[in-house]
Amino acid sequence: MLHRAHPYTPLAVATGLLLLAFAFRSPGAVWAVVAVALLVAATSGVLGAVMRPAMLLALPTWALLTVLHGLLGGAPHVAVGPAVFSVAGAERALVLGGRLAAILLAFLTALATVSPARLVEAMTARGVSFGRVYLLVSTLTVVPRLRARVRQIVDAQQCRGLRIGGSPPARVRALGPLVVPLLLSALAEVDEQALALAVRGGGASGRRTALDPPADHLADRVVRWGVLALVVAAYAWKFAGASP
Amino acid sequence: MKPLVFLDGVAFSYPGAPEPALDGVSLTVEAGSVVGVSGPAGAGASTLLLVAGGFAPRLTGGTLTGKRVIATERVGIVFATPWTQLTGLASTVLGEVAFGPASLGRPREAVLGAARRAMRNLGVAHLSDRDPAALSGGELQRVVAAAVLAMEPELLVLDDPAAELDPAGADALYALLPEIAAGGAGVLVATPDSERLARVARWVVVLEGGRVAREGAPGAVLDDTDVARVARMTGCPAPLPLDVPAALARLAR
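If you read the sequences in order, they're chains A and B. Everything in the first sequence is counted per this note's numbering, starting at 24 for the first residue and increasing by one. Everything in the second sequence is counted per this note's numbering, starting at -11 for the first residue and increasing by one.
Okay, structure coming up:
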């Protein structure tokens, strides 16, 4: 669904889901936002692609939240098997964990559905300066670029005898030969890329020509205005002291 | 012809470097000419290109002394490592090549026309819809060269531009340099490939340790090609043929 949308639409949906997750205070309402984020990912066909990184990032934090708030929280407590949970703490952990899940799912879905090239064209067509376009798009694409580079460095270092498996201390020792070339090559690349962009008009002050700007359909605008209306309503409700 | 670059006694040091990368270098690149830079690794050829193109010390930092005049702002540079020269902002080769002209705010048709012309000249028109990130090193190098040519530079600076190319691709790229020069641009190319340099350069500067060791017509200053070595061993009189076509022409005489 979002793949075909104007690039601003997935970003607006992701931002809206983030803001809605923080507008609510009860676990039920926050996890309802998570359910919507899951629905958006599923209908966009990227649920499988976003679930794994979302879980990898969320699980350690959920475990920490459970310990901090659930086990160490104040009275009243409830026993679940051998463990004793703070009811208020568990609720707090559910709210914070839900917000984290909503943020991760929303932005991973946006990353998976927004084409950087289409986003560049959309921003160029709106007259956004190249500096801002480059800052946003290079931020969105930094993870896949670094992942590809890490794969090359791991391959190269393994060819030279580096073992990246084994015991935890051995894994820690293997980090140096991976991280140092990663940082040095990234720094070297920045120099040449800055030069390459400079000679190709990257620093030009005038308005760039958009070659193939994506269509901004009525449906896109309706979704974006709808998201904005929902967020405004949720925060009005929150500040009125009535939101769940 | 109009001098595009004039260096007189130029020295350049990178920030924190104990020794200058260039020392007392003089060089002139005129419109319509191809000038070559040669020398062993670390001799300062890449630095000379950055200085002649106006990129050092503006973008690299460091200290420049001596006289430098660059008579144009339309300077293009191609490095040996094409993957560092992608914008990362285009999903097709056409978009990548058109990036530069589009940055100048030219009309859409003019941008696409310049991009398609440059792609045809570099033999990459058939890659138009491909993702630049999925190309081979050789294809990518030609795409990057096309992207720079699409800007229609008055001064084109190339640092070992055929490092990623197969022999046929390298021949095609070097054959294009005199054509670019014939269109009125100045071309400054650094490469260890003396054979191809001898074919295209009007003037060659050989650097050693950041200084000009010798300069002149290619036949007078380049004598380190395999063909030249064989010719020397067989007692061939100077100037030595530097590549196979030159050796065959000499034999035919």
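Ideal Cβ placement from N, Cα and C applies to all residues, glycine included.
Residue-chain proximity (residue i, chain A), Cβ-Cβ < 8 Å
i	result
R105 (chain B)	no
L10 (chain B)	no
F0 (chain B)	no
V131 (chain B)	no
A5 (chain B)	no
G174 (chain B)	no
P56 (chain B)	Note on residue identity: the sequence assigns Arg, not Pro, to residue 56 (chain B). It does not: the Cβ of R56 (chain B) has no partner Cβ on chain A nearer than 8 Å.
S79 (chain B)	yes
I168 (chain B)	no
T75 (chain B)	yes
R94 (chain B)	yes
V63 (chain B)	yes
L47 (chain B)	yes
T72 (chain B)	yes
V193 (chain B)	no
S116 (chain B)	no
CB-CB length for residue i against residue j, believed under 8 Å
i	j	result
R247 (chain A)	A35 (chain A)	4 Å
G50 (chain B)	F0 (chain B)	6 Å
A133 (chain B)	L100 (chain B)	Actually they are not in contact, since the Cβ atoms of A133 (chain B) and L100 (chain B) sit about 18 Å apart, beyond 8 Å.
A233 (chain A)	E144 (chain A)	5 Å
T164 (chain A)	V73 (chain A)	Rounded, the Cβ-Cβ distance is 16 Å, inconsistent with contact.
W85 (chain A)	G112 (chain A)	About 14 Å; that fails the 8 Å criterion.
A129 (chain A)	L41 (chain A)	6 Å
E97 (chain B)	V112 (chain B)	With a Cβ gap of about 20 Å, E97 (chain B) and V112 (chain B) do not count as contacting.
I65 (chain B)	F43 (chain B)	7 Å
A219 (chain A)	L43 (chain A)	With a Cβ gap of about 41 Å, A219 (chain A) and L43 (chain A) do not count as contacting.
S91 (chain B)	G225 (chain A)	6 Å
A219 (chain B)	P229 (chain B)	5 Å
A178 (chain B)	V25 (chain B)	4 Å
For residue i: DSSP bridge partner residues
i	result
K55 (chain B)	B:D(-4)
H114 (chain B)	Answer is none; H114 (chain B) lacks a bridge partner.
D244 (chain B)	In the structure as shown, chain B starts at -11 and stops at 241, and residue 244 (chain B) therefore has no counterpart that could be examined.
E97 (chain B)	Answer is none; E97 (chain B) lacks a bridge partner.
G24 (chain B)	B:V177, B:V192
G64 (chain B)	B:L144
V254 (chain A)	In the DSSP output, where bridge partners are listed per residue, V254 (chain A) has none listed.
L234 (chain A)	DSSP, once it has assigned bridges, lists no residue as partnering L234 (chain A).
G261 (chain B)	The displayed coordinates of chain B run from -11 to 241. Any statement about residue 261 (chain B) would go beyond what the structure contains.
L10 (chain B)	B:F0
R108 (chain B)	DSSP output for R108 (chain B) lists no bridge partner at all.
A170 (chain B)	According to DSSP, A170 (chain B) bridges with nothing at all.
R199 (chain B)	B:E196
H100 (chain A)	A:S109
L134 (chain A)	Paired residue(s): none; L134 (chain A) is not in a bridge.
V17 (chain B)	B:V(-7)
Buried or exposed (CB count within 10 angstroms, at least 16 for buried), residue i
i	result
M(-11) (chain B)	exposed
Q216 (chain A)	buried
G104 (chain A)	exposed
T222 (chain B)	exposed
H26 (chain A)	exposed
R217 (chain B)	exposed
G27 (chain B)	buried
A114 (chain B)	The question names Ala, but residue 114 (chain B) is His in the sequence shown. Per the 10 Å Cβ criterion, exposed.
S138 (chain A)	exposed
V166 (chain A)	exposed
G188 (chain A)	exposed
R130 (chain B)	buried
V203 (chain A)	exposed
G154 (chain A)	exposed
L134 (chain A)	buried
P6 (chain B)	exposed
Any C-beta of chain B under 8 Å from that of residue i
i	result
L94 (chain A)	no
L117 (chain A)	no
V254 (chain A)	no
S161 (chain A)	yes
P236 (chain A)	no
Q216 (chain A)	yes
R172 (chain A)	no
V222 (chain A)	yes
Residue i: CB within 7 Å of a non-hydrogen atom of the ligand SAM
i	result
L185 (chain B)	The ligand SAM is absent from the structure shown, which contains no ligand whatsoever.
- Task: Please confirm if the segment 36 to 50 of chain B is in contact with the segment 179 to 199 of chain A, defined as three or more CB-CB distances below 8 Å between the two stretches.
- Result: no
- Given 8 Å as the limit, is there contact between the segment 96 to 103 of chain A and the segment 52 to 72 of chain A, that is, 3 or more CB pairs closer than that? no
- Query: Do the segment -3 to 13 of chain B and the segment 199 to 218 of chain B make contact, defined as three or more Cβ pairs closer than 8 Å?
  - Reply: yes
- How about the segment 171 to 187 of chain B and the segment 205 to 224 of chain B: do they share at least three Cβ pairs that are nearer than 8 Å? yes
- Message: Would you call the segment 247 to 260 of chain A in contact with the segment 154 to 165 of chain A, where contact means no fewer than 3 C-beta pairs closer than 8 Å?
- Response: no
- Message: Quick test of the definition: if touching needs 3 or more C-beta pairs under 8 Å, does the segment 138 to 151 of chain B touch the segment 51 to 71 of chain B?
- Response: yes
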